[in-house]
Amino acid sequence: MTRTASEWLDRIRHIDLPERVKIMNVCGGHERSISSAGIRGALPDQVELIPGPGCPVCICPEEDVYEAIHIALGEDVTLVTFGDMLRVPVNVPRREIRSLEQAKAAGADIRPIASPIEARAIALQNPDRDVVFFAAGFETTMAPVAAMLCEGVPDNLYVLLSGRLTWPAVAMLLESGDPGFDALIAPGHVSTVMGPEEWEFVVNDHQLPAAVSGFTSESLLAGMYSVLRQLTDGTPFLDNCYPDVVRPQGNRNARKHLDQAFEVYDATWRGIGIIPGSGYGLREAFASNDARVRYPGYSDESRKRVGEMPQGCDCASVVLGKIYPNQCRIYGIACTPRSPVGPCMVSEEGACRIWWASGVRDQDVA
Amino acid sequence: MCLAIPMKVMEVDGFEARCEAKGVERQVNLFMMQDETLETGDFVMVHVGYAIQKVTPQEAQSAWELFDQVLEAMDR
Ligand code: SF4
Ligand code: SF4
Numbered sequence: 057m058t059r060t061a062s063e064w065l066d067r068i069r070h071i072d073l074p075e076r077v078k079i080m081n082v083c084g085g086h087e088r089s090i091s092s093a094g095i096r097g098a099l100p101d102q103v104e105l106i107p108g109p110g111c112p113v114c115i116c117p118e119e120d121v122y123e124a125i126h127i128a129l130g131e132d133v134t135l136v137t138f139g140d141m142l143r144v145p146v147n148v149p150r151r152e153i154r155s156l157e158q159a160k161a162a163g164a165d166i167r168p169i170a171s172p173i174e175a176r177a178i179a180l181q182n183p184d185r186d187v188v189f190f191a192a193g194f195e196t197t198m199a200p201v202a203a204m205l206c207e208g209v210p211d212n213l214y215v216l217l218s219g220r221l222t223w224p225a226v227a228m229l230l231e232s233g234d235p236g237f238d239a240l241i242a243p244g245h246v247s248t249v250m251g252p253e254e255w256e257f258v259v260n261d262h263q264l265p266a267a268v269s270g271f272t273s274e275s276l277l278a279g280m281y282s283v284l285r286q287l288t289d290g291t292p293f294l295d296n297c298y299p300d301v302v303r304p305q306g307n308r309n310a311r312k313h314l315d316q317a318f319e320v321y322d323a324t325w326r327g328i329g330i331i332p333g334s335g336y337g338l339r340e341a342f343a344s345n346d347a348r349v350r351y352p353g354y355s356d357e358s359r360k361r362v363g364e365m366p367q368g369c370d371c372a373s374v375v376l377g378k379i380y381p382n383q384c385r386i387y388g389i390a391c392t393p394r395s396p397v398g399p400c401m402v403s404e405e406g407a408c409r410i411w412w413a414s415g416v417r418d419q420d421v422a
Numbered sequence: 003m004c005l006a007i008p009m010k011v012m013e014v015d016g017f018e019a020r021c022e023a024k025g026v027e028r029q030v031n032l033f034m035m036q037d038e039t040l041e042t043g044d045f046v047m048v049h050v051g052y053a054i055q056k057v058t059p060q061e062a063q064s065a066w067e068l069f070d071q072v073l074e075a076m077d078r
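Protein sequences appear in the order of chains E and B. The opening position of the first sequence corresponds to residue 57 in our numbering, with each subsequent residue numbered one higher. The opening position of the second sequence corresponds to residue 3 in our numbering, with each subsequent residue numbered one higher.
In structure tokens:
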């Protein structure tokens with residue numbers, strides 16, 4: 057990474073670009089860097105950067121959030137979860153409790169945590185009380201949850217798992233026949249854990265350019281330069297523009313823990329539906345720490361049909377990269393970070409929240 | 003939510019380490035670093051309290067600069 061951001065931009069400007077090129081990123085962290093560094097505005101007009109499914113909070117199934125809310129309300133437990141999950145709304149009639157934050161206000165013992173270490177510590181401090189750890193996340197976050205389980209947890213800690221794998225969502229978009237992008241910037245920290253090889257299918261099966269990038273402007277622009285060159289040269293390959301951190305095979309030890317603790321199943325993504333092989337579930341060996349085994353009455357099959365995005369919200373299209381955040385019908389009108397309607401405005405890595413934070417105030421509804 | 007930040011290892015004790023970033027100290031879990039040898043002065047990328055990878059001092063430095071920018075933007 058010897059070139060500066062402006063050198064990369066210069067090189068990009070010298071490429072003989074086609075009329076339109078859409079590059080998708082699938083990582084909220086990338087989107088944040090792109091927005092805060094103003095990379096969109098600095099690129100040639102032909103290049104569009106579209107945020108795709110990059111935030112585990114946004115796509116966490118509605119029925120899982122509902123399940124967490126009702127375990128916390130209905131049982132004598134402490135429920136801990138990553139802070140971003142607290143404000144995610146479920147679809148219920150106006151007067152009913154619609155988020156973990158509201159359940160907490162109604163008296164449920166719900167605590168935001170920043171690490172699985174805290175979940176374990178809270179369980180150790182309260183040996184006579186069940187502690188339910190509602191854990192949503194992509195591979196990067198699931199690996200620490202798996203490590204926590206493999207290292208050993210107290211008997212009174214129960215994991216309510218809502219883990220997802222990122223690459224199957226991209227595979228689904230590519231297989232749909234209308235992916236809506238011409239090149240992919242693959243996520244840096246997912247690849248740190250899983251290895252860049254996971255993304256080879258983009259190149260091998262779909263002949264699309266791809267590059268793994270880090271989070272600095274230099275690394276992101278290096279990735280963009282790479283995919284644009286691959287595109288114009290007609291020689292797609294998987295480039296690694298974050299080699300200091302993303303090593304071949306990723307972190308094998310982390311992957312070993314993931315494999316030991318979790319099995320992969322066909323899982324629901326909020327607003328999208330079922331994506332094959334995209335969910336982590338606890339293995340049989342960890343059933344004694346599985347919140348769904350301990351509290352089976354709270355998973356409501358009928359919610360899977362209601363489990364859509366809130367009314368009037370276009371999050372599903374935003375998540376799939378079909379529209380930009382400010383093309384949502386209620387962006388900045390009914391939906392703002394202060395009173396979010398959809399999950400993409402709640403999560404710090406939600407595309408809508410990021411666009412709002414970086415100053416996009418105007419709607420762009422066609 | 004997958005963001006990891008670089009921290010400097012101050013002291014290793016089994017699967018735990020005391021790490022520092024910008025004057026803030028944290029306990030960091032090393033359970034996923036069993037294939038690496040870590041010593042005082044090394045840098046690791048930390049996500050939700052767990053080290054996920056060892057990194058070079060240069061990478062740590064450029065990541066910190068980035069976080070200053072991003073945090074500033076998110077505070078707006
Ligand atoms: S503006 Fe709000 S409702 Fe619209 S897509 Fe974004 S989060 Fe969803
Ligand atoms: S829009 Fe929301 S779900 Fe989609 S990638 Fe961005 S943050 Fe994630």
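Every residue gets a Cβ at the ideal spot worked out from N, C-alpha and C, and that includes glycine.
Tell me which residues of the region 162 to 188 of chain E have at least one Cβ-Cβ distance to chain B shorter than 8 Å, keeping chain order. Going along the region 162 to 188 of chain E in chain order, one finds Ala-170, Ser-171, Pro-172, Ile-173 and Glu-174 with a Cβ nearer than 8 Å to chain B.
Using beta-carbon positions only, say whether His-245 of chain E and Leu-32 of chain B come within less than 8 Å of one another. Their beta carbons are not under 8 Å apart, which means His-245 of chain E does not touch Leu-32 of chain B by this criterion.
8 Å Cβ cutoff, Ala-23 of chain B in contact with chain E: Ala-23 of chain B does not count as touching chain E.
What does DSSP give as the partner residue(s) for Val-320 of chain E in the beta ladder? E:Tyr-336.
Proximal residues to Ala-179 of chain E (C-beta, below 6 Å), its chain only, five neighbours per side dropped: Leaving aside the five residues that flank Ala-179 of chain E on each side, the residues in its chain whose CB is nearer than 6 Å to its CB run, in chain order, Val-187, Pro-210, Asn-212 and Leu-213.
Beta-carbon proximity check, Val-48 of chain B vs Met-9 of chain B, cutoff 8 Å: Yes; because the gap between Cβ atoms is below 8 Å, this pair is in contact.
Please decide whether Glu-207 of chain E counts as near chain B, where near means a Cβ-Cβ distance under 8 Å. Output row for Glu-207 of chain E: interface = yes.
Using a Cβ-Cβ cut-off of 8 Å, state whether Arg-78 of chain B counts as contacting chain E. For Arg-78 of chain B, the predicted structure reports a pLDDT of 45, less than 50, and the residue's modelled location is therefore unreliable. A value from the coordinates is still provided. Judged by the 8 Å Cβ criterion, Arg-78 of chain B is in contact with chain E.
What's the C-alpha gap between Ile-410 of chain E and Ser-91 of chain E? Approximately 7 Å, taken between the alpha carbons.
Cβ of Tyr-387 of chain E versus every heavy atom of ligand 1: is any distance shorter than 7 Å? Because some heavy atom of ligand 1 lies under 7 Å away, the Cβ of Tyr-387 of chain E counts as near it: yes.
Does Met-228 of chain E come out as helix, strand or coil in the three-state DSSP assignment? Three-state result, Met-228 of chain E: helix.
Cross-strand partners of Asp-295 of chain E (DSSP beta bridge): As computed with DSSP, Asp-295 of chain E is found in a beta bridge with E:Ala-267.
Starting from the N-terminal side, write out each stretch of the alpha helix (DSSP H) that is 4 residues or longer and does not extend beyond the region 196 to 249 of chain E. Taken in chain order, the unbroken stretches of alpha helix (DSSP H) that lie wholly in the region 196 to 249 of chain E and span 4 residues or more are 223 to 231.
Can you tell me the Cα-Cα spacing of Cys-111 of chain E and Val-77 of chain E, whole angstroms? If you take the alpha carbons of Cys-111 of chain E and Val-77 of chain E, they lie about 23 Å apart.
Using a Cβ-based criterion (distance less than 7 Å to any ligand heavy atom), does Cys-297 of chain E qualify as near ligand 3? In the structure shown, ligand 3 is absent; the only ligands present are ligand 1 and ligand 2.
Sorted by chain position, which residues of the same chain lie with C-beta nearer than 8 Å to Val-136 of chain E's C-beta, five sequence neighbours on each side aside? Ile-166, Arg-167, Pro-168, Ile-169, Glu-174, Ala-175, Ile-178, Val-187, Val-188, Phe-189 and Phe-190.
Would a C-beta distance cut-off of 8 Å place Leu-40 of chain B and Val-57 of chain B closer than the cut-off? For Leu-40 of chain B and Val-57 of chain B, no; Cβs fall outside 8 Å.
Rounded Cβ spacing between Tyr-321 of chain E and Gly-335 of chain E (contact assumed at less than 8 Å): Confirmed, Cβ separation roughly 5 Å.
Based on Cα-Cα distance, which residue from E:Ile-379, E:Pro-117 and E:Leu-216 lies nearest to Ile-127 of chain E? Of the candidates E:Ile-379, E:Pro-117 and E:Leu-216, the one whose C-alpha sits nearest the C-alpha of Ile-127 of chain E is E:Leu-216.
With three or more C-beta pairs closer than 8 Å as the rule, is the region 365 to 381 of chain E touching the region 390 to 404 of chain E? With the rule of 3 Cβ pairs closer than 8 Å, the region 390 to 404 of chain E counts as touching the region 365 to 381 of chain E.
So what does DSSP say about Thr-137 of chain E, is it helix, strand or coil? Note: Thr-137 of chain E maps to strand in three-state DSSP.
Given this structure, state the Cα-to-Cα distance separating Thr-248 of chain E from Ile-241 of chain E, to the nearest angstrom. Thr-248 of chain E and Ile-241 of chain E have their C-alpha atoms some 14 Å from each other.
Quick check on the burial criterion: 16 or more other C-beta atoms within 10 angstroms. Buried or exposed for Ile-389 of chain E? Ile-389 of chain E is exposed by the Cβ-count criterion.
In three-state DSSP terms, what is Phe-194 of chain E? Coil.
Any heavy atom of ligand 1 within a distance shorter than 7 Å of the CB on Cys-111 of chain E? Checking every heavy atom of ligand 1 against the Cβ of Cys-111 of chain E, none is found closer than 7 Å.
For ligand 1, is there any heavy atom lying closer than 7 Å to the beta carbon of Val-374 of chain E? Yes, the Cβ of Val-374 of chain E comes within 7 Å of a heavy atom of ligand 1.
Tell me whether Val-397 of chain E, by its Cβ, gets closer than 7 Å to a heavy atom of ligand 1. Val-397 of chain E Cβ: within cutoff of ligand 1.
Say the cut is 7 Å; is the CB of Met-401 of chain E nearer than that to a heavy atom of ligand 1? With a cut-off of 7 Å, the C-beta of Met-401 of chain E is classified as near ligand 1, since at least one heavy atom of the ligand falls inside that distance.
Please confirm whether Phe-271 of chain E and His-86 of chain E have their CB atoms less than 8 Å apart. Cβ distance < 8 Å, so Phe-271 of chain E and His-86 of chain E count as in contact.
Taking Lys-10 of chain B as part of the beta strand (DSSP E), name the residues at either end of that continuous run. DSSP places Lys-10 of chain B inside the beta strand (DSSP E), whose first and last residues are 7 to 15.
Taking the CB atoms as reference points, tell me whether Gly-333 of chain E and Pro-224 of chain E lie closer together than 8 Å. Gly-333 of chain E places its beta carbon less than 8 Å from that of Pro-224 of chain E.
If contact means a Cβ-Cβ distance below 7 Å, which residues of the region 299 to 323 of chain E contact chain B? Within the region 299 to 323 of chain E, those residues whose Cβ lies closer than 7 Å to any Cβ of chain B are, in chain order, Asp-300, Val-301, Asn-307, Arg-308, Asn-309, Ala-310 and His-313.
Nearest candidate by alpha-carbon position, reference Gly-327 of chain E, set E:Ile-115, E:Val-133 and E:Ile-386: For Gly-327 of chain E, the closest C-alpha among the options E:Ile-115, E:Val-133 and E:Ile-386 is that of E:Ile-115.
Determine, using beta carbons only, whether Leu-65 of chain E and Ala-98 of chain E come nearer to each other than 8 Å. Judged by their CB atoms, Leu-65 of chain E and Ala-98 of chain E are nearer to each other than the 8 Å cut-off.
If I follow the unbroken beta strand (DSSP E) through His-49 of chain B, where does it start and stop? Residues 45 to 49.
Does the beta carbon of Glu-61 of chain B sit closer than 8 Å to a beta carbon anywhere in chain E? Between Glu-61 of chain B and chain E, the shortest Cβ-Cβ separation is below 8 Å.
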